[in-house]
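*Asks:* Below is a structure I'd like to ask you about.
In the numbering used here, the protein residues as written are 16 to 140.
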């Protein structure tokens, strides 16, 4: 999802990025001979707010929006903490869907997608 920077209207695009609510979280994707691995940064989000789906070769990671509020009589001078709903999708082929696993530790979601074994060794008689 690389943007073409030549077609950007820089001052307005920067303002849009500051005030939009659909920001994407950062993720790294690795591949080994046995599996694909996705590590996604989801700071400040609880494990039960994260949804993971795999359907028709598409891994979808999303989180629900949660408003952070302190219900006090005091007025805010600055309020920046707001959790918004975000979603990322990744396409993978040749995944063993029955053995997909996920862990969530210190705001890092790790999804492991084992590859199907497509090669069959055939012995000659």
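For each residue, glycine too, the CB sits at the ideal point set by N, CA and C.
I'd like to know whether the C-beta atoms of residue 125 and residue 104 end up nearer to each other than 7 Å.
*Replies:* Counting from one through the chain shown, the residue named residue 125 turns up at place 110. Counting from one through the chain shown, the residue named residue 104 turns up at place 89. For residue 125 and residue 104, no; Cβs fall outside 7 Å.
*Asks:* With 16 other CB atoms within 10 Å as the buried threshold, where does residue 93 fall?
*Replies:* In the chain shown, residue 93 corresponds to position 78, counting from 1. It is exposed - the Cβ of residue 93 has fewer than 16 other Cβ atoms within 10 Å.
*Asks:* Looking only at its own chain, which residues have a Cβ that is under 6 Å from the Cβ of residue 37, when we skip the five neighbours before and after it?
*Replies:* Position 22 of the chain shown holds residue 37. Unreliable placement is indicated for residue 37, whose pLDDT of 47 sits below 50; the coordinate value is still reported in the next sentence. Excluding residues within five positions, none has a Cβ falling inside 6 Å.
*Asks:* Excluding the 5 residues flanking residue 49 on each side, which residues of the same chain have their C-beta closer than 7 Å to its C-beta?
*Replies:* Against the chain shown, residue 49 aligns to sequence position 34. Cβ neighbours of residue 49 beyond the five flanking positions: 129 and 130.
*Asks:* For the beta strand (DSSP E) holding residue 78, just list the boundary residues, first then last.
*Replies:* For the purposes of this step, residue 78 is identified with residue 63 of the chain shown, where counting begins at 1. Start and end: 73-78.
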